[in-house]
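Enquirer:
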Amino acid sequence: MSTVLNFGSAGLIVLGLYIVFTQKNLIKMVIGIDLAETGVNVLLVSTGYIKGNTAPIFSKTGLQVSSMVDPVPQALVLTSIVIGFGVSALALAMIIKLYEKTGTLDTSKIRGLKW
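Right, dumping it as structure tokens:
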């Protein structure tokens with residue numbers, strides 16, 4: 002299971018970076034960044050997973066700390082999701098304003114414009 006998650010997350014990262022580097026549409030570039038970010042999040046969660054251990058919730062008596070998974074990667078991923086959502090929303094808002102001003106989302110056409 003861990004190998005599948007590692008290869009899946011690596012695939013998402015590579016696919017996201019491929020989209021960012023090959024597409025000229027700004028919205029598609031933001032989608033590529035989001036895909037790469039999702040791959041990193043899956044990789045972080047998979048590194049914190051230990052087979053056979055339980056979630057770090059102290060609801061049952063007698064649970065040992067050594068039989069629980071590490072909660073730090075999960076907290077990092079939750080923080081990363083919130084930050085990624087904010088960055089994506091800001092990027093899309095800026096893209097909308099740029100489209101209103103220029104009438105295009107093509108990066109090669111936007112580079113040639115003079116402000």
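Numbering (the numbering used here), first residue to last: 2 to 116.
For each residue, glycine too, the CB sits at the ideal point set by N, CA and C.
(1) If we ignore side chains and look at the alpha-carbon of each, how far apart do residue 102 and residue 96 end up?
(2) Hey, how far is the Cα of residue 48 from the Cα of residue 78?
(3) Just to confirm the assignment: which complete alpha helix (DSSP H) runs, minimum length 4, are found wholly within the stretch 60-116?
(4) Distance check for residue 84 and residue 23, CA to CA, integer angstroms please.
(5) Considering only C-alpha positions, which residue in the set 20, 65, 7 is nearest to residue 46?
(6) Can you check whether the C-beta of residue 29 is within less than 7 Å of a C-beta belonging to chain B?
(7) Can you name, in chain order, every residue of its own chain whose Cβ lies under 6 Å from the Cβ of residue 18, other than the five neighbours on each side?
(8) Return yes when the Cβ of residue 51 is within less than 7 Å of the Cβ of residue 70, no when it is not.
Expert: Once the coordinates are examined:
(1) 10 Å
(2) 11 Å
(3) 73-103, 108-112
(4) 25 Å
(5) 7
(6) Protein chains in the displayed structure number just one, and chain B is not present.
(7) 37
(8) yes
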